[in-house]
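Worksheet for the structure shown next.
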Amino acid sequence: MIKDSELVSANPLSNITVILCRPEGQTNIGSVCRAMKTMGIMNLSIVDMQTPVDLNTIRTWSLTAFDIYENARHFPSLQEAIAEVQLVVATSRRIGKNRKFFGLSAEEFAHQLPQYKHQKIALIFGNEKNGLNEEEMDLCHTLIHIPTSDLYPSLNLAQAVQIVAYELFKQSLHLHMSDIHPFTAITSEETLNLANTLTQYLDQFGFFAISRENGYRHVKNFWQAIIGRASLTAKEAQFLEKMIRQLTHMKVKESLPPSAQSDS
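Put into structure tokens, the structure is as follows:
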């Protein structure tokens, strides 16, 4: 993954990592490396490779971008791959109630790049055949939607990477790293833990008994998405957790008989 010292560098996209989930095609991996390097994105991670690695094929298709693959990191799961990342961005041609709460175009997301330029960002691309599964989508904070024609809606993996990388590169030409005072946001792992904690507090509060249409998983994903996009600092995350915890404690205390309230 990316070191903090590398975030402010000559390459304004050094804070971005492309993560391929369960890729199958060696030619696709080589082509992804080319797509990344032409747009200045140098960090690649691969999750749960589905086929034996063929270095000759990857080298042939990546050409002078083979160093991207040589420096790539490999992980057994997406959750491990994003543990140190602050913002996790899914990519998909599909949108709907089972995707994310909303989707941005690649261009719209690129325009938000200045606010995240001191944070570690992961761009998540799914399997060539099936895209991202539900578990992988649940780990993401927001979604880049790549619209395609109904005549042939499926994009090649490298094409999808190229589209997103191109929009980010265009925006990066206008970035100046000193424009925004840097701060450290909580990681995706800390975001997930906070989302779980806040959802548990709501459960204790009786929220799910009152609002049955909002399932536990749906609410947890909601917390995770908005916290991830907000790029909270550790201090802000602690304050939010404390505030919801105190509200829950007040609700529980109100439900006790007067004698028990005075003892609590």
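Reading the sequence shown from the start, the letters are residues 1 to 264 in UniProt numbering. Just so it is clear, CB atoms sit at the ideal spot from N, CA and C, and this is done for glycine as well. Remember, predicted model here, so these are calculated numbers, not experimental data.
Checklist entry - Since T197 is in the alpha helix (DSSP H), which residue starts that stretch and which ends it? => result S188 to F205 is the span of the alpha helix (DSSP H), which, as asked, contains T197.
Checklist entry - Counting pairs of beta carbons, one from the segment 167-175 and one from the segment 36-45, are three or more of them closer than 8 Å? => result Yes, they touch.
Item to check | Contact under 7 Å by Cβ, L194 with A237 | outcome: Between L194 and A237, the gap from beta carbon to beta carbon is short of 7 Å.
Checklist entry - Is A234 buried or exposed, if buried means 16 or more other CB atoms sit within 10 Å of its CB? => result With fewer than 16 other beta carbons inside 10 angstroms of its own, A234 counts as exposed.
Next on the checklist: Check this for me: beta carbons of F22 and N127, under 7 Å apart or not?
Outcome noted: The residue you asked about is not Phe; residue 22 is Arg in the sequence shown. Yes; because the gap between Cβ atoms is below 7 Å, this pair is in contact.
Item to check | Simplified DSSP assignment, three categories, for T38 | outcome: In the three-state reduction of the DSSP assignment, T38 falls in the helix class, which pools H, G and I.
Item to check | Residue burial classification, residue 317 (beta-carbon count within 10 angstroms, cutoff 16) | outcome: The first residue shown for the chain is 1 and the last is 264, placing residue 317 beyond what the model contains.
Next on the checklist: Is the separation between the beta-carbon of I186 and that of I19 shorter than 7 Å?
Outcome noted: No, these two residues do not count as a Cβ contact at 7 Å.
Checklist entry - The alpha helix (DSSP H) spanning N43 covers which residue range? => result Boundaries around N43 are those of the beta strand (DSSP E), N43 to V47, since no alpha helix (DSSP H) includes it.
Checklist entry - Just the Cα atoms here: how many angstroms apart are E24 and L192? => result In this structure, the straight-line span from the alpha carbon of E24 to that of L192 is close to 28 Å.
Next on the checklist: According to DSSP, C21 sits in a beta bridge with which residue or residues?
Outcome noted: According to DSSP, C21 bridges with V47.
Next on the checklist: Give me, in chain order, the residues of the same chain whose beta-carbon lies closer than 7 Å to that of T248; leave out the 5 immediate sequence neighbours on both sides.
Outcome noted: Same-chain partners within the cutoff: Y201, Q204 and F205.
Item to check | Alpha carbon of N11 to alpha carbon of C140, nearest angstrom | outcome: Rounded to the nearest whole angstrom, the CA to CA distance from N11 to C140 is 25 Å.
Checklist entry - Which word fits S5, buried or exposed, when buried means at least 16 other C-beta atoms lie within 10 angstroms of its C-beta? => result The pLDDT assigned to S5 is 41, lower than 50, so where the model puts this residue is not dependable, and the model offers no usable value.
Item to check | Residue closest to Y68, alpha-carbon to alpha-carbon, out of P147, T17, D138 and K129 | outcome: Note that residue 68 is Ile in the sequence shown, not Tyr. Ranking the options by Cα distance to I68, first place goes to T17.
Item to check | Environment of K242 [buried if 16+ CB atoms lie within 10 Å] | outcome: So K242 ends up on the exposed side.
Checklist entry - With DSSP run on the structure shown, which of helix, strand or coil describes H111? => result Of the three classes helix, strand and coil, the one that applies to H111 here is helix, per DSSP.
Checklist entry - How big is the Cα-Cα spacing for E107 and G215? => result Roughly 32 Å between the two C-alpha positions.
Checklist entry - Is the beta carbon of I144 sitting closer than 7 Å to the one on V89? => result Result yes, Cβ atoms of I144 and V89 sit closer than 7 Å.
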